[in-house]
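With numbering that gives the first Met the number 0 applied, the sequence shown covers 0 to 518.
Okay, structure first, notes after.
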Amino acid sequence: MRVHTDERPYDCSDCGKTFRDLGNLKSHQKIHSNEKLYQCSHCDKRFRQKSQLITHERTNTGGKPYHCSDCGKSFTRRNSFEVHQRIHTGEKPYACPHCEKRFTQKPNLIRHMRVHTDERPYDCSDCGKTFRDLGNLKSHQKIHSNEKLYQCSHCDKRFRQKDHLIRHERTHTGEKPYVCSHCGKRFTDSRLLRAHQRIHTGEKPYACPHCEKRFTQKPNLIRHMRVHTDERPTFKRHERIHTGEKPYHCSHCDKSFYDSRSLKRHERTHTGEKPYVCSHSGKRFSDSSLLRVHKRIHTGEQPYVCSLCGKSFSYSSGFKRHERSHTGEKPYHCSHCDKSFSDSSGFKRHERTHTGEKPYVCSHCEKRFSDSSLLRVHQRIHTGEKPYVCSQCGKSFTDLSSFRAHQRIHTGEKTHKCPHCEKSFNQKPHLKRHKFQLILHERIHTGEKPYVCSQCGKSFTDLSRLRVHERVHTGEKPYHCSICSERFSYLSHLQTHQKKHAEEHTALGSSLQASELIS
0 MRVHTDERPY
10 DCSDCGKTFR
20 DLGNLKSHQK
30 IHSNEKLYQC
40 SHCDKRFRQK
50 SQLITHERTN
60 TGGKPYHCSD
70 CGKSFTRRNS
80 FEVHQRIHTG
90 EKPYACPHCE
100 KRFTQKPNLI
110 RHMRVHTDER
120 PYDCSDCGKT
130 FRDLGNLKSH
140 QKIHSNEKLY
150 QCSHCDKRFR
160 QKDHLIRHER
170 THTGEKPYVC
180 SHCGKRFTDS
190 RLLRAHQRIH
200 TGEKPYACPH
210 CEKRFTQKPN
220 LIRHMRVHTD
230 ERPTFKRHER
240 IHTGEKPYHC
250 SHCDKSFYDS
260 RSLKRHERTH
270 TGEKPYVCSH
280 SGKRFSDSSL
290 LRVHKRIHTG
300 EQPYVCSLCG
310 KSFSYSSGFK
320 RHERSHTGEK
330 PYHCSHCDKS
340 FSDSSGFKRH
350 ERTHTGEKPY
360 VCSHCEKRFS
370 DSSLLRVHQR
380 IHTGEKPYVC
390 SQCGKSFTDL
400 SSFRAHQRIH
410 TGEKTHKCPH
420 CEKSFNQKPH
430 LKRHKFQLIL
440 HERIHTGEKP
450 YVCSQCGKSF
460 TDLSRLRVHE
470 RVHTGEKPYH
480 CSICSERFSY
490 LSHLQTHQKK
500 HAEEHTALGS
510 SLQASELIS
């Protein structure tokens, strides 16, 4: 009856706290006496109450007497079991008096209420930062110690918190334990599930203090608030392109970056972490944007359309490059030479010709490359992967340029036009060959011989003829006979020599036949 009347006749003489029954008062009074009568038989730990000892001993024996009939999970403590059951029943007995939110546990309600009161009882002794709950303070304090106790068993990455390690390991295992009850979509993290569920419920818990706008996710609110504060982080990031400031430094190498996201992407080249998986091919990627772009191989999607000529592109980089073919714009200028480029990737690749940097290393043979795309194409030699498949004939290719060149065989498209005549070609190398033949032909009429021998001053119309001539001076003989090992400076001389062996072989065969007839 005292539950209904809230009668508490037993009060503590030390602190004045009141209780409904004598047993609870006696248990409470042991806090003041600090007396610990109950000792664990497995270790030296002691307890004030017998119930605490019984619960503790289960951690040693593995005893979990409380079993959930819905999912089979077992628990050491009764109160943990009762809280767990609310997941299945949906019961949320603790209601916030300030808003409509309800909670399965009282500590969660207490933590939530601090959102309304802005109470922050936990403060960091190192920097003075305050927190609403103890867990957040403990997580924060690890920043100061820089201690990373939890290491991933799949890669070298380490974490300050165990829950961060668990979340990270799911990028390797592909485990998605959190399921949306509305649509069945699965998530690696409970926070991602909660954010997703707001799409179904329409809940917008994040309110702007300056206006009436509300948001489903906190990052969206932070972005919106910049409208009021005039904070412009995107602009600041952009400014760094001009100032050259790169405040984010890689701990593995000397590289620096304009923003934190670029640093995180780069760090995955060291750790090998590839958390984003293609559902079509199983291929893994270090960045979500790379996965989105890759999926277009399977879907054939080309979302970028040129307004001037109607040509469509799968990738924004290709689209932007194409647009500049109309405008002639080349905004990226090399500081080492006078060259300019229409896109940043081409500019970065070019800069490496000056620095000699080859940051991309093959894990199979350790060959180094100046560009990530060259590494990817090279690695297919080892893996045998040919991701580009022709829908017309089924032929597959390791790289996109070969695939596109092949497709033109079926379409008859000839995109490479000669600026000097009306001829068109379906491949760029064919156009280059054609242009070179035109130049050589013109030199017959003009008499131009730009390639001069440094030894004797003789001049030639093309480089290949000069190189052949230089063998007269160097004595180089690159062509050798496979029958007698004699070496030659020129291919034509080898071919003439090999005819002699063929004639000798024919003559020998004729004489053998004649001798067989006589005998």
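Here a beta-carbon is modelled for each residue, glycine too, at the ideal position from N, C-alpha and C.
Quick caveat, the model's predicted, so the values are computed rather than measured.
For residue i, list the residues DSSP reports as bridge partners.
i           : result
residue 209 : According to DSSP, residue 209 bridges with nothing at all.
residue 66  : 73
residue 122 : 129
residue 283 : 276
residue 222 : None; residue 222 has no bridge partner.
residue 178 : 185
residue 194 : DSSP lists no partner for residue 194.
residue 318 : DSSP lists no partner for residue 318.
residue 395 : 388
residue 479 : 486
residue 458 : 451
residue 82  : DSSP output for residue 82 lists no bridge partner at all.
residue 93  : 102
residue 149 : 158
residue 339 : 332
residue 256 : 247
residue 114 : BP columns for residue 114 are empty, so no partner.
residue 581 : Given that the chain is displayed from residue 0 to residue 518, the structure contains no residue 581 and the question cannot be resolved.
residue 304 : 311
By DSSP, does residue i sit in helix, in strand, or in coil?
i           : result
residue 101 : strand
residue 332 : strand
residue 17  : strand
residue 348 : helix
residue 251 : coil
residue 453 : coil
residue 47  : coil
residue 10  : strand
residue 313 : coil
residue 378 : helix
residue 157 : strand
residue 28  : helix
residue 494 : helix
residue 423 : strand
residue 413 : coil
residue 371 : helix
residue 144 : helix
residue 138 : helix
residue 436 : helix
residue 406 : helix
Since residue i and residue j are thought to touch, with beta carbons under 8 Å apart, how far apart are those beta carbons, to the nearest angstrom?
i           : j           : result
residue 493 : residue 478 : 4 Å
residue 37  : residue 48  : 7 Å
residue 367 : residue 341 : Not confirmed; about 27 Å, so no contact.
residue 83  : residue 72  : 7 Å
residue 488 : residue 470 : 4 Å
residue 197 : residue 215 : 4 Å
residue 480 : residue 504 : Residue 480 to residue 504, Cβ: 13 Å. No contact.
residue 519 : residue 344 : Because the chain in this structure spans residues 0 to 518, residue 519 falls outside the shown range and cannot be described.
residue 154 : residue 139 : Going by Cβ atoms, the distance from residue 154 to residue 139 rounds to 25 Å, so no, they are not a contact pair.
residue 179 : residue 192 : 6 Å
residue 331 : residue 318 : About 17 Å separates the two Cβ atoms, so there is no contact after all.
residue 389 : residue 378 : Not a contact, Cβ separation roughly 22 Å.
residue 158 : residue 175 : Not a contact, Cβ separation roughly 20 Å.
residue 338 : residue 349 : 6 Å
residue 266 : residue 251 : 7 Å
residue 284 : residue 273 : 6 Å
For the ligand FAD, is there any heavy atom lying closer than 7 Å to the beta carbon of residue i?
i          : result
residue 25 : With respect to small molecules bound, the structure shown includes none, and the ligand FAD cannot be examined in it.
For chain C, check one thing: does any of its Cβ atoms lie closer than 8 Å to the Cβ of residue i?
i           : result
residue 243 : Here chain C cannot be found, since the structure has a single protein chain.
Inset, instruction - Could you tell me whether the segment 164-180 touches the segment 287-300, where touching means 3 or more Cβ pairs closer than 8 Å? - result: Flag = no, the segment 164-180 and the segment 287-300 do not touch.
Legend entry - contact_flag[the segment 249-263, the segment 272-281] where n(CB pairs < 8 Å) is 3 or more: As far as the Cβ criterion goes, the segment 249-263 does not touch the segment 272-281, which means the pair count is below three.
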